[in-house]
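Colleague:
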Amino acid sequence: MYTKLFSVISVTFLLGACGKVDPNLVTRPAGSKAFEGDRVELVKEGKALWNDTSLSTKGIACQGCHVNGAQFKKYFAQAYPHPVDMAKSMAGLTSIDAEQMVQFCMIVPMKAEPLPWDSEKLAALTAYIEDEEQARFKAKGM
Ligand code: HEC
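The sequence shown begins at 1 in our numbering and counts up by one.
This is how it looks when you write it as structure tokens:
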């Protein structure tokens, strides 16, 4: 309850004066390649990054907003790519995939630079989201 309240307050605060996001910042540049590594290791690394406040210039972690699936809307259960309200309203993107969603939350709520497109960190957070957060969300039938 407390964490849920905290996340609602921080989302309102951090997204408050929300502007626009250049869709190019959340679109993989042509010719770039995602980091490839052992999936199990990537998920493990992604889990650590999910709790890492140093990724944000505001001292928050992904987990700070998303504890127990908070902030995720129904469509998070759909296979990627899928439409996401925030991506549509702020960047005009009609559909977004998991790694783009990492970049989106890095830029908007985390108030940080997007991660390098070939980085292990981006691959790790993407793998963690797909294999753990999304899988858990689907299993809960939310
Ligand atoms: C200050 C709060 C906040 C923080 C911190 C935050 N997010 Fe989010 N995130 C949101 C909100 C709000 C949404 C819902 C957007 C929507 O559905 O329009 C969201 C949605 C998502 C989604 C689901 C989108 C979908 O497909 O339905 C993913 C994945 C995600 N965030 C990943 C991350 C990652 C990775 C981080 C850390 C790098 C992070 N978030 C940090 C607020 C936050």
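Don't be surprised by glycine CBs; every beta carbon is placed ideally from N, CA and C.
Could you pull the start and end residues of the alpha helix (DSSP H) that A77 belongs to?
Modeller: Sequence index remark: in the sequence shown, residue 77 carries index 77 (1-based). Note, A77: premise wrong, no alpha helix (DSSP H); not H, not E.
Colleague: Quick check: the Cα distance between A34 and Q103, rounded to an integer number of angstroms?
Modeller: As a working note, residue 34 is residue 34 in the sequence shown. As a working note, residue 103 is residue 103 in the sequence shown. If I take the Cα positions, the gap works out to 13 Å.
Colleague: Please report the straight-line C-alpha distance between F13 and C65, rounded to a whole angstrom.
Modeller: The residue given as residue 13 occupies position 13 in the sequence shown. The residue given as residue 65 occupies position 65 in the sequence shown. In this prediction, F13 scores a pLDDT of 48, lower than 50, which makes its location untrustworthy; the coordinate-derived value is nonetheless stated afterwards. Computed Cα separation, rounded: 12 Å.
Colleague: D128: buried (16+ other C-beta within 10 angstroms of its C-beta) or exposed?
Modeller: Numbered from its first residue, the sequence shown carries residue 128 at position 128. Going by the sequence as given, residue 128 is Tyr instead of Asp. Per the 10 Å Cβ criterion, buried.
Colleague: From M110 to V67, what distance separates their C-alpha atoms?
Modeller: Numbered from 1 along the sequence shown, position 110 holds the residue referred to as residue 110. Numbered from 1 along the sequence shown, position 67 holds the residue referred to as residue 67. Cα to Cα, M110 sits roughly 15 Å from V67.
Colleague: Which same chain residues end up closer than 6 Å to R28 when comparing Cβ atoms and leaving out the 5 residues on each side of it in sequence?
Modeller: Stepping through the sequence shown from its first residue, residue 28 is reached at position 28. Closer than 6 Å at Cβ, skipping near neighbours: W117.
Colleague: Judging by CA-CA distance, which residue of K140, E45, S95 is the nearest neighbour of A79?
Modeller: Looking up residue 79 in the sequence shown gives position 79. Closest by alpha carbon: S95.
Colleague: Have a look at the DSSP bridge pairing and note the partners of I96.
Modeller: For this step, residue 96 is matched to residue 96 along the sequence shown. Note: I96 sits in a beta bridge opposite H82.
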